[in-house]
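Student: Residue numbers (my numbering): 1 to 209.
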């Protein structure tokens, strides 16, 4: 809820500007990576599902009702995601978003025609999809609004952001021991108050997106 999001923002310097999606994604990526206890030199990524239908210059053929989505990725080393200030992961997430232009979508479509649909990179990849604006929680078939509108369960490596009451619910699916570590990491990030002892000096971002 708002209290937890505020607590996460307290891990950022006062001048930092970031959306709720960027802050939440950066936080969950860090908790997810720490919980997996990966080798610090392993490459990890967070992929964000992006809908291209509203992009300027991207004309979807009339009558096409399929997906118009792709997955921009923020990439780094596990050690950096785990140990650098949260601002580092927030900036990586923010840098991935401008990639999503009409030309990018067209190039992805061309590539899939030539080489076929590539397999998702699963190892070290955390995929998030923000479905809060789909309106699943407001659909009324005549007997009132739903108590809950969203995915029925969590999936390994894939989480959805969904509206619930006054906050956001994010299903997470991890092995039991990893989930316990994830829960502990998330508690650290969402516990108020935060004493501000984290070094907020932004590191140099060298990851290639």
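The beta-carbon is built from N, C-alpha and C at its ideal position, and this holds for glycine as well.
Between residue 52 and the rest of its own chain, which residues show a CB-CB distance below 6 Å, the 5 nearest in sequence each way excluded?
Tutor: 58, 68 and 105
Student: According to DSSP, is residue 58 helix, strand or coil?
Tutor: coil
Student: So what's residue 141 in DSSP terms, helix, strand or just coil?
Tutor: Note: residue 141 maps to coil in three-state DSSP.
Student: Could you check where the beta strand (DSSP E) with residue 48 kicks off and where it finishes?
Tutor: Element bounds for residue 48: 43-48.
Student: Report buried or exposed for residue 133, applying the criterion of at least 16 other Cβ atoms within 10 angstroms of its Cβ.
Tutor: exposed
Student: Exposed or buried, residue 24, counting other C-beta atoms within 10 Å across all chains shown (16 or more means buried)?
Tutor: buried
Student: Give a yes or no on contact between the segment 4-11 and the segment 34-49, applying the rule of three or more CB pairs nearer than 8 Å.
Tutor: no
Student: Measuring straight from C-alpha to C-alpha, what distance separates residue 136 and residue 130?
Tutor: 12 Å
Student: Using the Cβ count rule (16 or more neighbours within 10 Å means buried), how would you classify residue 72?
Tutor: With 16 or more other Cβ atoms inside 10 Å of its own Cβ, residue 72 counts as buried.
Student: Do residue 33 and residue 78 have their C-beta atoms closer together than 8 Å?
Tutor: yes
Student: Note down the Cα distance separating residue 55 from residue 109, rounded to an integer number of angstroms.
Tutor: 15 Å
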